[in-house]
Amino acid sequence: MLFQEIAEASRAVTATRARSTKIELLAACLSRMTPDEAAIGVGFLSGELRQGKIGLGYAAVRSLETPDAAAEPSLTLHDVDAVLDRIAAIRGARSASLRMQALAELFARATALEQPFLERLLVWELRQGALEGILLDAIAKAARVSATNVRRAVMLAGDAKRVAAVALAQGEAGLAEFRVEVLRPIGPMLAQTAATLTEAFDGRTELSLEHKLDGARIQVHKDGSDVRVFTRSLNDVTERVPEIVESTLALPAKSLILDGEAIAVGSGGRPAPFQTTMRRFGRKLDVHALRDTLPLHPFYFDLLYLDGGELLEHPEGERFAALERLTAPSQRVERLVARSPEEAELFLDRALELGHEGVMAKDVASPYEAGRRGASWMKLKKAHTLDLVVLAAEWGSGRRKGFLSNLHLGARDPTNNAFVMLGKTFKGLTDELLRWQTEKLKSLELSRSDWVVYVKPELVVEIAFDGVQTSSQYPGGVALRFARVKRYRDDKPASEADTIDTVRAIHARSIAP
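Shown next as structure tokens:
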């Protein structure tokens with residue numbers, strides 16, 4: 005397939021807001037690919053490089069003096085992929101100049117349509133609405149297979165590119181071959197937000213309640229003497245958490261997959277703040293010294309695999325019972341099966357008294373819907389909070405002069421992969437956080453005016469607020485009241501930020517009679 009066809013599909017998808025049309029356009033493009041082309045093309049359509057980072061940063065790509073465009077398309081998907089492989093492999097003396105030379109040669113072979121698409125692809129800036137959910141539906145349509153089975157395969161494989169290639173080549177039979185594999189991470193199940201415990205029950209006769217810990221999500225795999233620890237975003241952090249590896253090796257199971265939270269424990273055994281916990285996950289050096297001063301403790305809430313048996317489809321109650329047989333009470337979150345909102349309220353009050361964020365409420369009959377924000381898991385917090393994306397920041401004045409201070413906050417729009425601005429805030433920022441966010445936002449800069457720096461929409465921040473009000477000032481029609489920064493979510497990508505639909509639902513509840 006020609007690279008031009010990918011660029012044309014991207015342009016068409018960008019031009020429409022209709023989900024069904026996006027799916028049709030993407031499916032038509034995918035159906036013309038061979039299975040080996042799909043492994044490359046799906047990445048291009050979703051704005052990802054198969055090679056990951058290739059040693060060319062935003063500034064380097066933007067600084068390229070773009071050569072005259074080719075008159076006719078000639079680049080194939082394999083051509084572009086091969087050049088990216090070559091660039092990623094360049095090392096040693098003159099590596100920067102050699103990468104730029106290879107990049108210039110690639111751009112010289114690209115057409116006027118391909119060049120800007122290629123530039124956005126290389127700087128991870130494609131905003132064309134080819135969200136994973138839409139792309140998975142398009143893969144299913146192109147391969148004439150079940151969308152449910154595609155989603156399950158991606159959940160288990162952790163790679164839509166690989167699943168697309170198998171679906172196009174082998175159909176349903178190929179998708180059925182995807183299984184849970186110990187030591188390969190699977191997409192974690194996510195939770196929706198519930199405003200009240202009554203809303204969480206919603207006709208259910210019982211709910212499993214757990215303390216909502218302010219820690220780092222971990223997925224722990226064990227296969228004999230081999231242990232791997234993965235983060236929420238499926239990064240391998242095994243070498244950074246030796247105490248979790250050691251405690252896992254001591255568990256009475258040959259193979260397992262656990263889901264839980266890790267919390268740094270400070271002096272006196274009290275849980276440390278989230279940002280302190282994340283220090284352990286961000287450090288590759290001095291791990292053993294940090295372990296002595298800032299030890300990590302795992303608290304598990306789910307068991308997904310045990311000694312050769314998958315547990316994903318088992319009810320939550322059965323999975324937790326198996327977890328209880330496997331682990332000590334000190335290794336599990338505190339849990340209660342409540343049979344009324346009143347009983348649940350007492351548990352929530354207790355969680356808040358202990359300093360936790362709130363509670364998780366789970367349907368005891370529900371399976372583990374990996375990689376999805378399922379309705380059977382809900383989070384309840386004391387105050388309203390949303391995970392939003394920083395779109396820009398304004399330079400501060402007074403004692404904040406020289407720092408990027410006032411944040412422009414956006415919620416994700418699931419229909420077009422854009423972000424809808426909800427307001428601004430500079431409240432809740434400590435001096436340390438101001439310094440950190442200034443350097444971080446400068447590294448994400450796209451452009452600037454006299455007082456505003458516009459950034460790549462990648463940085464997720466948890467915002468506490470008092471309510472949502474109608475607003476004609478912002479395009480979404482709503483704005484946050486008394487927004488303040490609670491923390492940055494280093495563990496969460498922008499694709500998992502809260503949506504404008506969630507914000508509007510909060511607003512609708514506040515004005516309901």
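Take 5 as the starting number for the sequence shown in our numbering and just add one per residue. Built from N, CA and C at the ideal position, the CB exists for glycine as well. From a predicted model like this one, the values you see are computed outputs, not experimental measurements.
Under three-state DSSP, which class holds N153?
helix
Is it a yes or a no for the stretch 189–196 touching the stretch 356–374, going by three-plus beta-carbon pairs under 8 Å?
yes
In terms of DSSP beta bridges, what is E449 paired with?
V459
Rounded straight-line distance, which links the Cα of L413 to that of R508
15 Å
For the stretch 73–101, list the alpha helix (DSSP H) runs that are entirely contained and at least 4 residues long, ordered along the chain.
81–93
Find the nearest neighbour of L34 within the set A332, R232 and I10, judged by alpha-carbon distance.
I10
Who does G410 pair with in a DSSP beta bridge?
According to the sequence as given, residue 410 is Asn; it is not Gly. For N410, which the question treats as bridged, DSSP gives the partners E398.
Helix, strand or coil for I504 per DSSP?
helix
Straight-line Cα distance separating L437 from D495:
17 Å
Excluding the five sequence neighbours on either side, which residues of its own chain have a C-beta within less than 8 Å of the C-beta of E314, listed in chain order?
R183, V184 and L308
Of the residues A108, R244, R21 and M5, the one placed nearest P418, counting alpha carbons only
R21
Does I261 come out as helix, strand or coil in the three-state DSSP assignment?
strand
Residues in its own chain within less than 8 Å of L139 by CB, not counting five upstream and five downstream?
L30, V46, L49, S50 and A164
Closest to K216 by CA distance: which of I267, D227 and A257 is it?
I267
Starting from I190 and walking both ways along the beta strand (DSSP E), at which residues does that stretch end?
Taken as a continuous stretch (DSSP letters only), I190 belongs to no beta strand (DSSP E), as it is neither H nor E.
Reference P302, options E349, P333, D435 and Q279, closest by Cα
P333
DSSP three-state call for T235: helix, strand or coil?
strand
Proximal residues to F305 (C-beta, below 6 Å), its chain only, five neighbours per side dropped:
E214, G264 and V337
Per DSSP, D428 forms a beta bridge with which residues?
Residue identity check: residue 428 is Lys in the sequence provided, not Asp. Paired residue(s): H412.
Give me the DSSP bridge partner(s) of S212.
V341 and K366
Just to check my reading of the structure: V424 and P461 have Cβ atoms closer than 8 Å, yes? What is that Cβ distance to the nearest angstrom?
Contact doesn't hold; Cβ gap of about 11 Å is too wide.
By DSSP's criteria, A468 is part of a beta bridge. Which residues make up the other side?
T389 and R488
Assuming R493 and E466 make a contact with CB atoms under 8 Å, what is their CB distance in whole Å?
6 Å
Nearest residue (CA-CA) to D470, options R452, A396 and T389:
T389
Are three or more beta carbon pairs between the stretch 107–123 and the stretch 73–82 nearer than 8 Å?
yes
Compare the beta carbon distance of R283 and P246 with 8 Å and say whether it is the shorter of the two.
no
Spatially closest choice to R513 from R23, I91, A199 and A171, by CA coordinates
A199
For E41, count neighbouring Cβ atoms within 10 angstroms of its own Cβ and tell me buried if that reaches 16, exposed if not.
buried
Pairing CB atoms from the stretch 390–407 with CB atoms from the stretch 246–256, are three or more of them under 8 Å?
no
In this structure, does DSSP put L308 in helix, strand or coil?
strand
Since W399 and L411 are thought to touch, with beta carbons under 8 Å apart, how far apart are those beta carbons, to the nearest angstrom?
The Cβ separation is near 12 Å, so there is no contact.
From R232 to K288, what distance separates their C-alpha atoms?
16 Å
To the nearest whole angstrom, what separates the beta carbons of A73 and Q119, a pair I think is in contact under 8 Å?
6 Å
Please report the straight-line C-alpha distance between Q477 and K428, rounded to a whole angstrom.
12 Å
Look at E123 and V65 and say whether their C-beta atoms are less than 8 Å apart.
yes
Taking DSSP as the reference, what is the three-state secondary structure of T518?
Shown here, the chain extends from 5 to 517; a query on residue 518 therefore has no answer.
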